[in-house]
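Here is the structure we will look at, set down as structure tokens.
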Amino acid sequence: MMDVVTTAPVASSTFDTSRVHSLTRPNMVSVGTIIWLSSELMFFAGLFAMYFTARARATEGWPPEPTELNLPYALFFTLILVASSVTCQIGVFAAESGNVYGLRRWFTITFVMGLVFVLAQFNEYRVLVTEHGTSISSSTYGSVFYLTTGFHALHVIGGLVAFVYVLIRSTMGRFTPAQATSAIVVSYYWHFVDVVWVGLFATIYLIR
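Numbering-wise (numbering that gives the first Met the number 0), the sequence shown opens with residue 0 and increments by one.
Written out as structure tokens, the structure is:
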């Protein structure tokens with residue numbers, strides 16, 4: 000009589016090809032975000048074109064008296080915004096590794112830095128209006144200055160809302176890859192906002 004040989008089950012070492020495919024193919028949320036940011040880039044390109052056109056047609060000084068921009072102050076909150084891009088990316092790295100606490104910590108820091116930037120910019124508006132009489136209707140310069148920087152400030156505020164959304168979502172249940180994707184998408188937007196501001200800062204405060 001033949002002996003029946005039994006073997007213990009062996010764990011499968013094969014890869015789940017469908018899982019590999021889902022990891023390597025482009026994430027449609029990220030792709031959609033990049034396409035949307037491309038349209039936003041065209042919007043800001045229009046604002047830059049408006050600014051340079053107004054400057055080329057100006058018959059007086061640019062900015063006209065008595066408007067005086069505070070370069071050191073603007074540089075201060077510009078550096079804060081640029082640094083927030085670094086903290087945002089560190090938060091993304093934490094999310095990609097599944098470290099939800101690191102994500103919360105670094106995204107909270109980024110949120111605070113972004114809020115400081117917005118408040119500092121609004122304070123600059125206050126000084127320009129109350130001390131220099133520069134409002135959106137006072138001159139062509141005032142119009143293009145407030146339109147370009149104001150629309151950017153609205154985008155920064157939108158980014159702050161997105162950070163709050165990610166932070167709240169990270170506290171609801173188990174941390175999932177979908178939440179990590181949300182953090183990555185928000186970082187795309189935040190880096191875009193930072194790059195646009197660097198261009199605005201150079202255009203408005205440095206190129207006279």
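Glycine is no exception: its CB is placed at the ideal position from the N, C-alpha and C atoms.
No experiment lies behind these values; they were computed from the predicted model shown.
Considering only Gly90, Val28, Thr32, Thr66, the residue with the shortest C-alpha distance to Phe144 is Thr66.
Taken through DSSP and simplified to helix, strand or coil, Met171 comes out as coil. Membership of Ala53 in the alpha helix (DSSP H) is indicated by the continuous run 27 to 56.
Per DSSP, Glu123 is one residue of the alpha helix (DSSP H) stretching across 99 to 131. Put simply, the backbone Cα of Tyr187 is about 9 Å away from that of Leu36. Cβ-Cβ separation between Tyr72 and Thr147: approximately 18 Å, too far for a contact (criterion under 8 Å). Shown here, Ser96 sits in coil according to DSSP, grouped into three states, outside any helix or strand. Spanning the alpha carbons of Ala93 and Thr202 requires a straight line of approximately 35 Å. Taken through DSSP and simplified to helix, strand or coil, Pro65 comes out as coil.
If you draw a straight line from the Cα of His151 to the Cα of Leu118, it comes to about 13 Å. By the Cβ criterion, the stretch 44 to 64 is not in contact with the stretch 89 to 104, since fewer than three pairs of Cβ atoms, one from each stretch, lie closer than 8 Å.
Just measuring C-alpha positions, the residue of Ile33, Leu70, Thr58, Ser38 sitting nearest Leu199 is Leu70. Counting of Cβ neighbours within 10 angstroms places Val28 among the exposed residues, the total staying below 16.
Proximity to Leu80 across Phe191, Arg207, Ile206, Tyr204 peaks at Phe191, based on C-alpha coordinates.
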